[in-house]
Amino acid sequence: MTGPEALTRTFDALPPARGRGFAQTWWGQAWLKALQDTALDGQQLKKGRRHAREGAVGAVTVRPGRITAVVRESDGTAYRSDVLLQELTEQDWERFLDVATDSAGHIAALLDRDMPPHLVEDAAAAGVELLPGIGDLEPECTCDAWDHCPHTAALCYQVGRLLDQDPFVLLLMRGRGERRVLDELQLRSVARANPPVAGPADDEGKAPAGVRADEAFAAGGILPPLPAPPTLPDEPGPAPALDTGTAAADGPDAAALEFLAADAAARAHRMLAQALAPSHAEQAPEPVLTRDEDAVRMAASVPGPVIAARLAAGTQRTRGDLDLAVRAWRYGGAAGLAVLEEDFVPDEEQQSRAASALAAAWAAEPDRPRLRPSGPARWTVVGTGEQLRLGRDGNWWPFRKERGAWAPAGPASPDPAQALAGASGEGV
Numbered sequence: 029m030t031g032p033e034a035l036t037r038t039f040d041a042l043p044p045a046r047g048r049g050f051a052q053t054w055w056g057q058a059w060l061k062a063l064q065d066t067a068l069d070g071q072q073l074k075k076g077r078r079h080a081r082e083g084a085v086g087a088v089t090v091r092p093g094r095i096t097a098v099v100r101e102s103d104g105t106a107y108r109s110d111v112l113l114q115e116l117t118e119q120d121w122e123r124f125l126d127v128a129t130d131s132a133g134h135i136a137a138l139l140d141r142d143m144p145p146h147l148v149e150d151a152a153a154a155g156v157e158l159l160p161g162i163g164d165l166e167p168e169c170t171c172d173a174w175d176h177c178p179h180t181a182a183l184c185y186q187v188g189r190l191l192d193q194d195p196f197v198l199l200l201m202r203g204r205g206e207r208r209v210l211d212e213l214q215l216r217s218v219a220r221a222n223p224p225v226a227g228p229a230d231d232e233g234k235a236p237a238g239v240r241a242d243e244a245f246a247a248g249g250i251l252p253p254l255p256a257p258p259t260l261p262d263e264p265g266p267a268p269a270l271d272t273g274t275a276a277a278d279g280p281d282a283a284a285l286e287f288l289a290a291d292a293a294a295r296a297h298r299m300l301a302q303a304l305a306p307s308h309a310e311q312a313p314e315p316v317l318t319r320d321e322d323a324v325r326m327a328a329s330v331p332g333p334v335i336a337a338r339l340a341a342g343t344q345r346t347r348g349d350l351d352l353a354v355r356a357w358r359y360g361g362a363a364g365l366a367v368l369e370e371d372f373v374p375d376e377e378q379q380s381r382a383a384s385a386l387a388a389a390w391a392a393e394p395d396r397p398r399l400r401p402s403g404p405a406r407w408t409v410v411g412t413g414e415q416l417r418l419g420r421d422g423n424w425w426p427f428r429k430e431r432g433a434w435a436p437a438g439p440a441s442p443d444p445a446q447a448l449a450g451a452s453g454e455g456v
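In this note's numbering, each number is its position in the sequence shown, counted from 1, plus 28.
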């Protein structure tokens with residue numbers, strides 16, 4: 029099942045219907061017959077039909093049990109018109125869905141926006157009347173007419189055209205939207221394709237629930253196609269302006285909230301761009317950041333001195349430490365931050381691969397740098413302020429001594445010589 033479905037649909041005003049009937053399908057004609065059988069004054073129906081032909085009916089809103097539109101007279105006077113139709117009960121829906129699932133043709137017809145007569149007949153035999161009958165279309169209008177007036181009649185004629193295009197409009201009036209109806213039909217189809225079988229029971233003596241994967245996949249054919257993907261905006265939306273100019277005694281900082289909103293918009297824009305990329309399905313999902321990593325990520329977006337100071341305090345760093353963390357993040361994200369702040373201890377296999385990589389890195393060069401181990405995964409170049417660090421991913425990261433602290437000096441490389449060249453400023 030999918031999430032909650034909005035049970036209101038609004039259809040734009042239809043163009044004038046001069047020279048054509050208001051219903052071409054048999055179910056649209058049945059709808060109009062219910063109107064004609066219910067209305068007591070044929071003259072009111074004629075006026076309503078004329079209003080509808082002339083395009084006097086505005087946008088039509090359909091919701092369970094009610095349709096609504098504004099209808100205008102020739103002098104411009106507007107009336108709100110409603111027509112009420114009783115919703116089906118839960119028991120009625122259960123019977124209707126069972127009947128619809130009895131025949132694959134019923135489901136296929138609904139997907140083609142067709143209402144098969146046999147489905148309506150079978151539902152009626154089960155006690156469920158889908159189409160309205162005499163007296164089922166109850167009018168309400170601000171013109172205060174007690175029966176169908178020209179305005180509610182015009183609304184009904186326009187709805188006949190809508191029903192021609194989509195019989196799910198009728199099902200919505202009866203209480204359920206298209207998404208829920210199709211989901212329920214899918215569940216019933218899968219269940220009927222996979223009757224319960226005897227198998228190992230649980231502690232309460234019940235067989236485990238489940239369906240065969242191939243049957244579930246086959247049942248997916250009753251679902252409508254996915255909508256077209258959204259268009260990527262040129263840039264993230266602007267953050268709301270929350271600063272009223274008056275300092276608040278309590279509550280969150282407006283500037284901090286504005287920054288968080290802008291950051292969320294930028295991340296959403298980036299994630300949408302990645303999702304729309306042709307190679308998205310081949311990309312591994314991004315790792316979930318810790319609170320500390322996310323704070324450094326936000327600091328890397330240059331939030332300003334006040335926000336940066338709050339991020340430093342929140343991660344128990346000095347401003348200098350945060351600056352180093354930001355530099356590491358810009359070079360390599362969470363992996364770069366980990367190389368800066370974690371004491372990684374390679375296992376024997378990783379140590380062996382690292383020794384081989386260091387031995388081969390400058391094999392063809394006469395001036396090989398002298399490397400002194402400075403920790404389990406760190407090698408300092410003797411006589412210089414440069415250092416190589418091995419990351420958990422097997423890449424080499426360059427560092428440079430600055431004001432007594434080791435600072436990230438470039439992006440990672442699988443080749444230690446190439447990484448060290450970045451640290452010494454020679455480029456890559």
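All residues carry an ideal CB built from backbone N, CA and C; glycine is no exception.
Straight through space, the alpha carbons of V90 and A80 are spaced by roughly 17 Å. Annotation: G104 is outside any beta strand (DSSP E) and is labelled neither H nor E by DSSP. Counting C-beta atoms within 10 angstroms of its own C-beta, G438 has 16 or more neighbours from the protein chains shown and is therefore classed as buried.
Inter-residue distance for C171 and Y107 is about 6 Å (C-alpha atoms, whole angstroms). Contact annotation: A45 and R189 have beta-carbon atoms nearer than 8 Å.
Proximity to W59 across G86, L112, D103, A128 peaks at L112, based on C-alpha coordinates. In the three-state reduction of the DSSP assignment, V148 falls in the helix class, which pools H, G and I.
In terms of CA proximity to L260, A301 leads the group G450, A301, R94.
For the stretch 134-197, the continuous alpha helix (DSSP H) assignments of 4+ residues that do not extend past its boundaries occur at 145-153, 178-193, in sequence order. In this structure, L125 and L213 form a Cβ contact; the two beta carbons are roughly 6 Å apart against a cut-off of 8 Å. Under the criterion of beta carbons closer than 8 Å, V334 and L183 do not qualify as touching, at roughly 58 Å. S131 and R216 have their C-alpha atoms some 11 Å from each other.
G163 counts as exposed, since fewer than 16 other C-beta atoms from the protein chains shown sit within 10 angstroms of its C-beta. The three-state secondary structure of Q415, taken from DSSP, is strand. At a Cβ-Cβ threshold of 8 Å, A356 and L365 count as neighbours.
For W59, the enclosing alpha helix (DSSP H) has its first and last residue at 54-66. Taking the Cβ atoms as the reference, A323 lies roughly 16 Å from G348, outside the contact range of under 8 Å.
Below 8 Å, too few C-beta pairs join the stretch 281-288 and the stretch 301-310 to call them touching: fewer than three. Between the stretch 365-380 and the stretch 404-416 there are three or more inter-stretch CB-CB distances shorter than 8 Å, so the stretches are counted as touching. Per the Cβ contact rule, the stretch 116-125 is in contact with the stretch 141-159 (3 or more Cβ pairs under 8 Å).
Around the beta carbon of R325, 16 or more other beta carbons lie within 10 angstroms, which makes this residue buried.
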